[in-house]
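Participant: To start, I am sharing the structure in question, which I have written as structure tokens.
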Amino acid sequence: MRLLQTGPDVPTVAEIASAADVYPNQITHHFGSKDRLFVEAAFALLLRDTDRLQAAGRRMQTAESFRAALARTALAMPSLRHVVVALSLARENEDVREEVRRAIGILFRQSERYLDRMLQRHGWRSEHGTARDVTTFWSATFGAVLLSAGGIPGGPSEVGLAATMTIRADA
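Each residue of the sequence shown is one higher than the last, beginning at 1 in full-length UniProt numbering.
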């Protein structure tokens, strides 16, 4: 199943190249395929959206409000639906899979550094460690978007995303 190969709403490589004012072979030479271009673009958008996520978290003064702000902001990020498609493309394409692994690694490392800074700044702690909190948070976020896209009733609003993080104030 190749999600980006055909369809009335899917741009061709020629259309993408025209919009970027380059030749189609430059797109395929640099990215290898339209799927890989899509994956890189989706994760670039997500990393840009995480700036908004981090800003929302920085404004919070309690661990509880921090978790809630991250959950609320993450589920509203427009790039998530594209990243979920990118993740599904990785199932059948090794080149795309490698790009997804690289991008997820960047997302997780940046998220861990941010979370470590916030814990230090506020004197909070993570009961399971920041690496596990980050992995669980993003996995639940992607899953909530996938469920919503699949038409499952409730969707992201029913997911207790804030509860996936074990950030607590030191008592």
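Quick reminder that beta carbons are idealized off the backbone N, C-alpha and C, glycines included.
As the structure is a computational prediction, the values presented were derived from the model and not from experiment.
Could you check whether the region 89–103 touches the region 132–143, counting it as contact only if at least three pairs of C-beta atoms, one from each stretch, sit closer than 8 Å?
Facilitator: Not touching, per the Cβ criterion.
Participant: Could you name the residues of the same chain whose beta carbon sits closer than 6 Å to that of residue 173, not counting the 5 residues immediately before and after it, in chain order?
Facilitator: Here the chain comprises residues numbered 1 to 171, so residue 173 is not present and cannot be evaluated.
Participant: Excluding the 5 residues preceding and the 5 following R2 in the sequence, name in chain order all residues of the same chain whose CB lies nearer than 6 Å to its CB.
Facilitator: Unreliable positioning characterises R2 in this predicted model, as indicated by a pLDDT of 37, which lies under 50. A coordinate reading is not provided.
Participant: State the DSSP-derived secondary structure class of R168, mapped to helix, strand or coil.
Facilitator: Note: R168 maps to strand in three-state DSSP.
Participant: Would DSSP call R125 helix, strand or coil?
Facilitator: Three-state result, R125: strand.
Participant: Please classify R109 as buried or exposed, where buried requires at least 16 other C-beta atoms within 10 Å of its C-beta.
Facilitator: The residue is exposed, with fewer than 16 neighbouring Cβ atoms inside 10 Å.
Participant: Taking just the CA atoms, how far does A44 sit from S65?
Facilitator: If you take the alpha carbons of S65 and A44, they lie about 27 Å apart.
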